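Input: a single structure, listed below in structure tokens.
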Amino acid sequence: MDGDGAAKAKAAAVLSLWLQGFGEACCLHRVLLLCLRSRPLLRRTGQCFLFNGFIFLGSIFVLNSVVIPALWWILPDQCSLLLSHQLCPLRGTLIFYSILRVLLVQCFYLLWFYPLYVFSIVLSTIWYNDIAKFGYAAMGRSKFPGEKDSSQSNSPTSQNASHVKKPAGLGGVMIGIGEQVYSILLLSVFFLEVYATGFIPYIGKVLNFLLLAWMYAYYCFEYKWNFNEVPLDKRLDYFQSYWPFFAGFGSPCVLAIFFFSPLVSYGIMAILYPLFVLTATASRAEQAISFEKHKWRPAGVEKLPIFYIADNVSMWMLSLLPLEKRDQMQDRKAQ
């Protein structure tokens, strides 16, 4: 019974954190409050909605609702639909129409959708960073009720903790670059994990959903952690300790795109992602984070090595670098 009781307590703790994360992600009213406080934030968010929603998703709608039906009307695949029934015996005509339809649709993708997709990725990446920056600035000017004073996070103790063992000058710059390289490798490998799980039979979709939720949650909170100058090792340890919360936070992001085609999913996420970034920025869920690990380890929840495979693969890739750069990155990771 003791074992069953402990298992139920752990399950309850996991469920509680998951629901808390899900609830935090759904607090979209914070986005409205932040936009009302910052005109630049409102403008950037509006630009993101206009481009990714009206132009990108609108183009997909026009293609599926207007262009393709028009092509099927102009270039039908059935003899009964041909204006001249004398063409019916010519089977090659229908084959030609079919090939022409495919070529015209592919030209539409090649000349419009793919360039628009690449342009959207580049432009949205810039906008996301601006949205996070303006949202963070809006939080600093006027805090949500009950939020702790930001001066606490800027106290000498916190600053010393966040910059501990980081040398000044060129050495600190090199360590910072090494940390960024490691972070990019880690998240890139993790993205490949997410993609690969989709091909696993039976449980692949469930794993893919869970990993996608973690990935989007991490990306949403990463802006805030960067502005707060939280070291990479601290944010990874915190993320893997509160894994149910972040799984819950990322779930609404994934639910919004999981059942659509890749292009439509991208368009929807390009609209919703800034909202979740702002929600994460305004979240107070991890406001009490401490650099002393035993003070914030969640009760009843064991740390889950989410990035274990990505970490080992990334360190193997770093081992291929020259010795001095590798040692700098490994020293930074060990801090």
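Residue numbers (the working numbering): 2 to 336. The beta-carbon is built from N, C-alpha and C at its ideal position, and this holds for glycine as well. Quantities reported herein were computed from a predicted structural model and do not represent experimental measurements.
Query	Result
Roughly how many whole angstroms lie between the Cα atoms of V106 and W73?	11 angstroms
Tell me whether the beta-carbon of P253 lies closer than 8 angstroms to the beta-carbon of I132.	no
What are the boundary residues of the alpha helix (DSSP H) that G268 is part of?	P263 to A283
Do K225 and Y137 have their CB atoms nearer than 8 angstroms?	yes
Just to confirm my understanding: we take L42, look at its own chain, exclude 5 residues before and 5 after, and list those with CB closer than 7 angstroms. What are they?	L35, C36, I132, F135, G136 and A139
State buried or exposed for V103, treating a residue as buried only when at least 16 other CB atoms are found within 10 Å of its CB.	exposed
To the nearest angstrom, how far is the alpha carbon of V182 from that of T94?	56 angstroms
Would you mind working out which of V265, P306 and F222 sits nearest T280, comparing C-alpha positions?	F222
Below 7 angstroms CB to CB, which residues in the same chain sit around L64 once its five sequence neighbours on both sides are set aside?	F109
Enumerate in chain order the residues of its own chain whose CB-to-CB distance from S39 is below 6 angstroms, with the five nearest sequence positions on each side excluded.	F135 and A139
For S266 versus I258, is the C-beta distance shorter than 8 angstroms?	yes
Along the chain, where does the alpha helix (DSSP H) that runs through N1 open and close?	What is shown of the chain runs 2 to 336, which leaves residue 1 out entirely.
Just the Cα atoms here: how many angstroms apart are L233 and R44?	31 angstroms
CA-CA distance, G47 and P306?	38 angstroms
Please go through the same chain and pick out, in chain order, the residues whose beta-carbon is closer than 6 angstroms to the beta-carbon of C49, but skip the five residues on each side of it.	W128 and P275
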